[in-house]
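A short worksheet on the structure shown next.
Protein chains: 2
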Amino acid sequence: MNLVKAWDILKEKGYKETSKRNQILELFVNDDRYLTARDLLDVMQKDYPSMSYDTVYRNLATFVSLGILEETELSGERHFRMHCESDSHHHHFICMDCGKIKEIPVCPMDMIGAALPAYEIDNHKFEIYGKCPACK
Amino acid sequence: MNLVKAWDILKEKGYKETSKRNQILELFVNDDRYLTARDLLDVMQKDYPSMSYDTVYRNLATFVSLGILEETELSGERHFRMHCESDSHHHHFICMDCGKIKEIPVCPMDMIGAALPAYEIDNHKFEIYGKCPACK
DNA sequence: ATGTAAATCGTAATCATTATTAATTAGAAA
DNA sequence: TTTCTAATTAATAATGATTACGATTTACAT
Numbered sequence: 003m004n005l006v007k008a009w010d011i012l013k014e015k016g017y018k019e020t021s022k023r024n025q026i027l028e029l030f031v032n033d034d035r036y037l038t039a040r041d042l043l044d045v046m047q048k049d050y051p052s053m054s055y056d057t058v059y060r061n062l063a064t065f066v067s068l069g070i071l072e073e074t075e076l077s078g079e080r081h082f083r084m085h086c087e088s089d090s091h092h093h094h095f096i097c098m099d100c101g102k103i104k105e106i107p108v109c110p111m112d113m114i115g116a117a118l119p120a121y122e123i124d125n126h127k128f129e130i131y132g133k134c135p136a137c138k
Numbered sequence: 003m004n005l006v007k008a009w010d011i012l013k014e015k016g017y018k019e020t021s022k023r024n025q026i027l028e029l030f031v032n033d034d035r036y037l038t039a040r041d042l043l044d045v046m047q048k049d050y051p052s053m054s055y056d057t058v059y060r061n062l063a064t065f066v067s068l069g070i071l072e073e074t075e076l077s078g079e080r081h082f083r084m085h086c087e088s089d090s091h092h093h094h095f096i097c098m099d100c101g102k103i104k105e106i107p108v109c110p111m112d113m114i115g116a117a118l119p120a121y122e123i124d125n126h127k128f129e130i131y132g133k134c135p136a137c138k
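Those protein sequences? They're chains H and R, same order as listed. Each residue of the first sequence is one higher than the last, beginning at 3 in our numbering. Each residue of the second sequence is one higher than the last, beginning at 3 in our numbering.
Spelled out as structure tokens, the structure:
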């Protein structure tokens, strides 16, 4: 996902182009890792000292609902990152130091599939946590 | 995990036997599903109206650290359940209605293993969410 | 029965997140 | 370009889960 594509989606849904929205998106494009709302606000407030959590959370929720960002919960906090370019379903190794991810091309659900008859499967989560080579 | 085994562990580590601790453990033994701190407190306060969150959370943390309970994060809240009897590593289907689980005997890490050289793998999470046959 | 460390109570503090209301702004239309 | 209107934001308060703390109570070893 890149800036142009993100704005294509937003414009198509009628969202207005604001400098703050743009800068949030730029941050994610330029910093390809998981960030918290606080991480974002800290950086944003250098340019927009009056920026509030409301704006951050509202836009994060918008971006996630449109598939521009993806979200996960790490040690009790919500973390966000730009949605991967790859269109095929996959999972992530997540570095708990720097927040960078590595794509894991396999999905365990392929092997589970029919092993849960009579169960309604709505969702699943498979994540690997540790340290990336750079942080190790 | 049953009451006797839980108390064996607690006693061995020098923890005292209190009626509240015992009732929390009994709740988990008799109600084999994921519960929140609030769920627990609501039930406990019928017998101990003055019971506080401090006591609930303190004991939950103790039980988790000793491997008596297991913990996961569901829709932004911490949930706890009695640790499974089965000693082999496995994962869970979790019913988002009733909180009951079904053990999934396979682990996706078996197939990943050496696919992440140079990465330090500390932990992983694989959970399937949906509705169990009873709730569907 | 007594002493002491552990456990609990009562309450306040903290932290992430959400809600509210008024003011501002982007973009369409005149 | 100016005007209009709904979308967006700021400022702040509220909420909900979790943690912290001083005072009191309790388990249990002696």
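No residue lacks a Cβ here, since even glycine has one placed at the ideal position from N, Cα and C.
Closer than 7 Å at the beta carbon, the chain R residues around residue i
i               : result
I106 of chain H : I114
Chain-ordered neighbours of residue i on chain R, where CB pairs are closer than 8 Å
i               : result
D124 of chain H : M98, Y131, G132 and K133
F65 of chain H  : Under the 8 Å cutoff, chain R gives no residues; its nearest Cβ is about 18 Å from F65 of chain H.
C-beta neighbour in chain R for residue i, strict 8 Å
i               : result
L68 of chain H  : no
K138 of chain H : yes
A8 of chain H   : no
L118 of chain H : yes
K127 of chain H : yes
beta-carbon residue i near the ligand SAM non-hydrogen atom, thresh 7 Å
i               : result
M111 of chain R : This structure lacks the ligand SAM; in fact it carries no ligand of any kind.
Cut-off 6 Å between Cβ atoms - residues of its own chain near residue i, not counting five sequence neighbours on either side
i               : result
T74 of chain R  : H81
K102 of chain H : R35 and C134
K104 of chain R : F95
Rounded C-alpha distance that separates residue i from residue j
i               : j               : result
D33 of chain H  : K127 of chain H : 24 Å
M46 of chain H  : L71 of chain H  : 17 Å
I130 of chain R : V108 of chain R : 12 Å
F30 of chain H  : E87 of chain R  : 43 Å
Y50 of chain R  : L42 of chain R  : 12 Å
S36 of chain H  : P119 of chain R : Ser is not the amino acid found at residue 36 of chain H; the sequence shown has Tyr there. Straight-line Cα distance between these residues: approximately 22 Å.
F95 of chain R  : I106 of chain R : 7 Å
K13 of chain H  : D56 of chain H  : 21 Å
F65 of chain H  : D44 of chain H  : 19 Å
N4 of chain R   : A136 of chain H : 44 Å
Cβ of residue i within 8 Å of any chain H Cβ
i               : result
E75 of chain R  : yes
Y121 of chain R : yes
F82 of chain R  : no
P110 of chain R : yes
Own chain residues within Cβ distance below 7 Å of residue i, not counting five before or after
i               : result
M111 of chain R : H126
N61 of chain R  : R23 and I26
E79 of chain R  : T38
E28 of chain H  : L5
Same chain only: Cβ atoms within 8 Å of residue i, ignoring 5 sequence neighbours per side
i              : result
I11 of chain R : L68, G69 and I70
Y59 of chain R : A39
Buried versus exposed call for residue i [16 or more other C-beta atoms within 10 Å across all chains shown]
i               : result
G16 of chain R  : exposed
M84 of chain H  : buried
H91 of chain R  : exposed
A8 of chain H   : buried
G115 of chain R : exposed
C1 of chain R   : Since the first residue of chain R shown is 3 and the last is 138, residue 1 of chain R is not available in this structure.
Chain H residues whose Cβ lies nearer than 8 Å to that of residue i
i              : result
F95 of chain R : L118, Y121 and I123
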